[in-house]
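Written below as C-alpha cells is the structure these notes are about.
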Amino acid sequence: MKHVLTRSAALAAFVLPLFLTMSVTAQASAVCDRLNARLANLPKIIASNASARDYTTAISRQNLVLRKARNDRRRLGCSSGSIIIIGGPNAEACDSIETTIEQMESDLDTLKARRQHMVSGGDNDVNRRRIVAALDVNRCFEEQEAVINASTSEPEIHRNILSDIPKAGETFSMLRGSADVADLDIPSIGGNGTLRTLCVRTCDGAFFPISSNATPADFQRDGAACERRCPGAETELYYHALTTEETDQMVSARTGQPYTDLPTAFAYRTRDLRQAGQCGCKPATVTGSGVDQPVTARQSLPADGASIIAVTAPAAKQKSVAIVEDRPYNPGDAKVRVVGPTFLPPQESAIDLKHPTGPGYQQVQSN
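Take the sequence shown: its letters are residues 14 to 380, numbered as in the working numbering.
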C-alpha cells in the first residue's frame, strides 16, 4: 500500500507542473489573441492630401517670415547665438524682434506637430504603439515566429509533371534540372522601383523631376544627372514614394531630411518676378584670368604641342561702292502732275509790302 502511494505521489508531482505550464500557456495565448484582435480593430485613418498640403504651405510661409525676421535682427546688430550684445543702440528694437522670433518659432513647431499628428493618425497611432508593446511583453511575437518556423521547416513537395515524362533518346538538361539557374545569363529588368527622384535647387527651393520608378541604387546616377541639368547652382537630390506620397512630402536622398525643413522650401513662389533673379541654373563657363567667359569651340592642338594658338579672323572683303553725285535741284524741272483748277495766283504776282520784288512802282493796296 505504501508503495502504491509513493508511485501516486511521484505521478502527481510530474503531472502537476505539466498542467500548470499548459494553463499558463493557454492564458498567454488568450492574452495574445485579445491583443491581436484589438490591434486589428483599430480604425485606419487616411489623412487628406489637401489638408497636409495646406499645413505644408503654412509651414513654408512661416519659414519665410521667420527668415526675414532673423535677417532684420542681424541687420540691427542684435544678439544672435553665441554673440551677445548688451546695451546696444537698438536694445529696445532687439528685444521686440527677439520676442517676435520666439513666437514665430513656437508657431512653426505647432504647425509641424499638427501636420505630423494628421499624417500619423493621431491617437490611434499611440494606441497602436501601446498594443504592440504589450504584444512584445507577452512574447506573442515569439509564438507567431514559432508557428511560421514550424510551417516552413518541412516545405511541401509538389509533384513535378516533367518527372513523369518517359525518357527519350534526346536529353533535355534544362527540363531535368541538371543546369544551375545561377549559371544562366538572365538580363535584369530595370525600372521596377517605387520611388520618384527630383532635383532641388537649394537657393530658392525650385525643383524638377529626374526619373520615376527609381530605387535607392539609382540615387548616385540621378544625383549626377541633377548636377548636369542645373550647372552653376547648388543642387540636391530628393525622392518620394511614387504612388502614396505627394511632391511636398519628398525627403533628401543624402540626409533624409524632409523638403519642408529646407529654409528655402517653396521660396521660388514668392520671388518678385519684376526683378532679376540671383538664383538659377547657369550655362557652363570657363574661367580665364579671373573672368568667366562663355565656352567656345575647342581648337585642335598642333603636332608640336604648342600651348598658345593664335586664331585670326578672316579679313572681311571690302565691297567697292560707287559714289553717287548729288544733282542740283531745279523746281522748274519737277515732273509733277497737277489735277484740278488752280485757285491761287502764281508766286511771281504776289506782292510783299515789306520786301517789294523790284525797284519800280508799287500799286497802293486798299483796305
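Positions of the beta carbon are idealized from the N, C-alpha and C atoms, including for glycine.
These figures come from a predicted structure and were not determined experimentally.
Open item on the list: Contact defined as beta carbons within less than 8 Å: I believe residue 256 pairs with residue 213. What is the distance between those atoms, to the nearest angstrom?
Closed with: Contact flag wrong, Cβ pair sits at about 21 Å.
TODO: Measure the C-alpha to C-alpha separation of residue 208 and residue 119 and round it to an integer number of angstroms.
DONE: Going by the C-alpha atoms only, they are around 33 Å apart.
Task: Contacting residues, own chain, Cβ-Cβ under 8 Å from residue 110 (five flanking each side not counted) - done: 82, 85, 86, 89 and 91, listed in sequence order.
Open item on the list: My output table needs one value for residue 346: the three-state DSSP class, helix, strand or coil.
Closed with: DSSP places residue 346 in helix when its eight states are reduced to three.
Open item on the list: Using the three-state DSSP reduction, which class does residue 301 fall into: helix, strand or coil?
Closed with: Low confidence applies here, because residue 301 scores a pLDDT of 48, under 50, leaving its location unreliable and the question unanswered by this model.
Open item on the list: For residue 285 and residue 272, which I take to be in contact (beta-carbon distance under 8 Å), what is that distance rounded to the nearest angstrom?
Closed with: About 23 Å separates the two Cβ atoms, so there is no contact after all.
Open item on the list: If I follow the unbroken beta strand (DSSP E) through residue 249, where does it start and stop?
Closed with: First-last of the beta strand (DSSP E) with residue 249: 248-254.
Task: Beta-carbon contacts of residue 341 that lie in its chain and below 7 Å, excluding the five residues immediately before and after - done: Take residue 341, set aside five residues on each side of it, and no residue of its chain has a beta-carbon closer than 7 Å to its own.
TODO: State yes or no: is the C-beta of residue 235 within less than 9 Å of the C-beta of residue 210?
DONE: It is a contact, given that the beta carbons lie within the stated cut-off.
Task: Within 9 Å, strictly: CB atoms of residue 263 and residue 251 - done: Going by beta carbons, residue 263 and residue 251 fall inside the 9 Å limit.
Open item on the list: Suppose you measure from the CA of residue 336 to the CA of residue 294; what does that come to, to the nearest Å?
Closed with: Rounded to the nearest angstrom, the two C-alpha atoms are 52 Å apart.
- [ ] Give me the Cα-Cα distance between residue 148 and residue 53, rounded to the nearest whole angstrom.
- [x] When only Cα atoms are considered, residue 148 and residue 53 end up about 13 Å apart.
Task: With 16 other Cβ atoms within 10 Å as the buried cut-off, status of residue 67 - done: It counts as exposed.
Open item on the list: With the cut-off set at 9 Å, would you say residue 237 and residue 224 are in Cβ contact?
Closed with: Result no, Cβ atoms of residue 237 and residue 224 do not sit closer than 9 Å.
Task: Beta-carbon gap between residue 48 and residue 76 smaller than 9 Å - done: Not closer than 9 Å, so no.
Task: Top-ranked residue by Cα proximity to residue 151, from 46, 216 and 349 - done: Distances from the alpha-carbon of residue 151 to those of 46, 216 and 349 put 46 closest.
Task: Top-ranked residue by Cα proximity to residue 292, from 71, 128 and 220 - done: Of the candidates 71, 128 and 220, 220 places its Cα closest to the Cα of residue 292.
Open item on the list: On the criterion of 16 or more Cβ atoms from any shown chain inside 10 Å, does residue 69 qualify as buried, or is it exposed?
Closed with: Under this definition residue 69 is a buried residue.
TODO: Quick one: residues in its chain with C-beta nearer than 8 Å to the C-beta of residue 123, no 5 flanking neighbours on either side, listed in chain order?
DONE: Around residue 123, the same chain offers no residue with a beta carbon nearer than 8 Å, after the five sequence neighbours per side are excluded.
TODO: Check residue 210 in the structure and name its three-state DSSP category.
DONE: In the structure shown, residue 210 sits in a strand (DSSP, three-state: E or B).
Open item on the list: Spatial neighbours of residue 113 within its chain, please: C-beta separation below 7 Å, excluding the five flanking residues on both sides.
Closed with: For residue 113, the CB contacts under 7 Å within the same chain, skipping 5 residues up- and downstream, are 82 in chain order.
Open item on the list: For a quick check, are the C-beta atoms of residue 65 and residue 117 less than 9 Å apart?
Closed with: No.
Task: Residue(s) in a DSSP beta bridge with residue 227 - done: Residue 227 is bridged to 208.
Task: residue 264 - partner residues in DSSP beta bridges - done: Beta-bridge partners of residue 264 (DSSP): 252 and 271.
Task: Per DSSP, cross-strand counterpart(s) of residue 7 - done: Beyond the ends of the chain as shown, which are 14 and 380, falls residue 7; an answer cannot be given.
Task: Own chain partners of residue 140 with C-beta closer than 7 Å, once the 5 adjacent residues on each side are dropped - done: Taken in chain order, the residues that qualify are 55.
Open item on the list: For residue 352 and residue 346, what's the separation of their Cα atoms in angstroms?
Closed with: Their Cα atoms are separated by approximately 18 Å.
Open item on the list: Using the Cβ count rule (16 or more neighbours within 10 Å means buried), how would you classify residue 231?
Closed with: If you draw a 10 Å sphere on the C-beta of residue 231, you find 16 or more other C-beta atoms in it, and that means buried.
Open item on the list: Counting C-beta neighbours from all protein chains within 10 Å, is the total for residue 217 16 or more, i.e. buried, or is it exposed?
Closed with: Residue 217 comes out buried.
Task: Presumed contact (8 Å Cβ cut-off) between residue 228 and residue 206, rounded CB distance - done: A Cβ-Cβ separation of about 4 Å places residue 228 in contact with residue 206 under the 8 Å criterion.
Open item on the list: Looking at the secondary structure, which residues open and close the alpha helix (DSSP H) in which residue 232 lies?
Closed with: First-last of the alpha helix (DSSP H) with residue 232: 232-242.
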